[in-house]
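Notes follow once the structure below has been shown.
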Amino acid sequence: MAINSFSMLFWALFFIILLQDSCLGKEKKPDPKTKKEKSNKIGKDVMDYSEADLHKLLDQWEDNDNDIDEEDRYDDHDPRKPVPSGGGFDPQEFKGDPIALLKQSKKGKVVMLFVSVAGTPSRADSERISQRWQSSLFNANFQIDRYMVADDRVLFMVKDGSLAWDVKDFLITQSDCKLVEFDNQQFPGAGAKADSPKTEL
């Protein structure tokens, strides 16, 4: 008896849901404005986009972007990209000052300086000394990164290469600096004089 009442209840609910769906589930006519908006939207996973979808997305993006800079319009290597205004390069400005020419050529580029610590320091001593140099340079507004290469050798990375000569000038005056190397040049530091063997005549 309980099974019959359960099955009757099941069938009654089934017919109610079926009637509700067929009678009340009238489809709305699509609004043409909504349909047009939906056709403009892609509605896919990004990984499933086709070339046409990407072009449509780019067109939508450009339509919504009102203030496009001329410099941003093209890729870096596109010949149509306008040349940045800066007066150009005039070698006459650097006549008689080759260091200024080198500084200008390294401007905005990362330059690496290899610095040897004087004496026979342990790795901890070199770390402490190079950290002191880095903090002094940081206080002078030089943005550099420091990496230990060996027990007595430190790599300084200067973010703006035009400042590398100023960093070198500071380092070679330090009593703990034996040698500064960068740009295929070697500059002995103040510590190199103390390390060199003394010979008498």
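If you count by the working numbering, then the sequence shown holds residues 5 to 205, one letter each, in order.
C-beta atoms are modelled at their ideal positions from N, C-alpha and C, and glycine is treated no differently.
Where the alpha helix (DSSP H) through residue i begins and ends
i	result
residue 102	102-110
residue 189	Not the alpha helix (DSSP H): residue 189 falls in the beta strand (DSSP E), residues 189-192.
residue 127	127-143
residue 168	168-175
residue 264	The question about residue 264 has no answer here: the residues shown for the chain are numbered 5 through 205.
Start-to-end residues for the beta strand (DSSP E) that takes in residue i
i	result
residue 185	181-186
residue 160	157-162
residue 153	148-154
Residues bridged to residue i [DSSP beta-bridge criterion]
i	result
residue 114	In DSSP, residue 114 forms no bridge with anything.
residue 120	157 and 183
Whole-number beta carbon distance between residue j and residue i, since they are thought to touch under 8 angstroms
i	j	result
residue 114	residue 175	Their Cβ separation, rounded to whole angstroms, is 17 angstroms, which puts residue 114 and residue 175 out of contact at 8 angstroms.
Cβ shell of residue i (< 8 angstroms), same chain only, five flanking positions each side left out
i	result
residue 166	107, 108, 110, 111 and 112
residue 135	150
residue 195	121, 122, 123, 178, 179, 180, 181 and 182
residue 138	148, 150 and 160
residue 65	none
Close Cβ partners of residue i (< 7 angstroms) along its chain, the five nearest in sequence each way excluded
i	result
residue 149	161
residue 104	98
Close beta carbons around residue i, own chain, < 6 angstroms, minus the five adjacent residues each side
i	result
residue 11	none
residue 101	none
residue 60	none
Q. Using 8 angstroms as the threshold, is the region 183-191 in touch with the region 163-173, meaning 3 or more CB pairs across them?
A. Output reads yes: the region 163-173 touches the region 183-191.
Q.
For the region 127-140 against the region 151-161, do three or more pairs of beta-carbon atoms, one drawn from each stretch, fall closer than 8 angstroms, so that the two count as touching?
A. Enough Cβ pairs lie closer than 8 angstroms, so yes.
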